Amino acid sequence: MSAEENVAIASRFIAEQDRRKGPPPDELCAPGYTAHILSFPPMDLAGHAALAKVFYGAFPDLKQTIEDAFADEEKAAVRYTITGTHDGELMGVAPTGKQVTVSGMMTFHIVAGKVEEASCIIDQMALMQQIGAIPSS
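Residues in the sequence shown are numbered from 1 upward in steps of one, following this note's numbering.
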């Protein structure tokens with residue numbers, strides 16, 4: 001795949017998560033898909049979908065906005081901003097109604113138009129501070 005096609009796949013992956021309010025788009029994921037999400041063990045597509053539903057349940061209006069993206073013939077990377085309102089429980093933290101804005105980065109290993117592996121890092125410290133789960137400095 002070309003770099004441009006891989007950026008389009010990565011962008012669609014993120015947009016479809018927002019549209020579906022949780023699960024990654026299975027039609028874009030290769031058999032044996034693996035997600036690496038900071039602070040969690042590696043997971044398959046079902047595990048990634050379950051975790052995504054937790055976050056979209058806590059932030060029903062969650063939106064991921066891509067700020068920057070680049071790719072080569074096998075990989076794509078995006079830097080994005082997540083915004084949302086904490087209207088549901090998140091890992092034991094009761095809803096606060098607070099608006100959050102956090103940064104994240106995601107890389108994709110793409111083969112023949114399918115995501116084989118995705119790795120995601122979001123600023124979990126900022127997220128937890130913004131909902132009041134841990135004190136700000």
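No residue lacks a Cβ here, since even glycine has one placed at the ideal position from N, Cα and C.
Fair warning: this is a prediction, and the values are worked out from it, not measured in the lab.
Cross-strand partners of residue i (DSSP beta bridge)
i           : result
residue 119 : 36, 107
residue 101 : 83
Residue of the options minimising C-alpha distance to residue i
i          : options        : result
residue 79 : 24, 103, 8, 5  : 103
residue 31 : 124, 136, 117  : 117
residue 28 : 36, 37, 17, 21 : 17
residue 94 : 106, 64, 57    : 57
Nearest-angstrom beta carbon gap, residue j and residue i [assumed within contact, 8 Å]
i           : j          : result
residue 122 : residue 96 : So it is not a contact: roughly 18 Å between Cβ atoms.
CA-to-CA distance, residue j to residue i, given in whole angstroms
i           : j           : result
residue 60  : residue 2   : 34 Å
residue 33  : residue 76  : 15 Å
residue 112 : residue 8   : 13 Å
residue 134 : residue 14  : 28 Å
residue 139 : residue 128 : Limits of the chain in this structure are 1 at one end and 137 at the other, which puts residue 139 out of reach.
residue 90  : residue 38  : 16 Å
residue 23  : residue 84  : 17 Å
Boundaries of the beta strand (DSSP E) in which residue i is found, first to last residue
i          : result
residue 76 : 75 to 85
residue 70 : 63 to 71
Residue i: first and last residue of the uninterrupted alpha helix (DSSP H) it sits in
i           : result
residue 133 : First-last for residue 133: undefined, no H or E at that position.
residue 89  : Residue 89 -> no alpha helix (DSSP H), and no H or E assigned at all.
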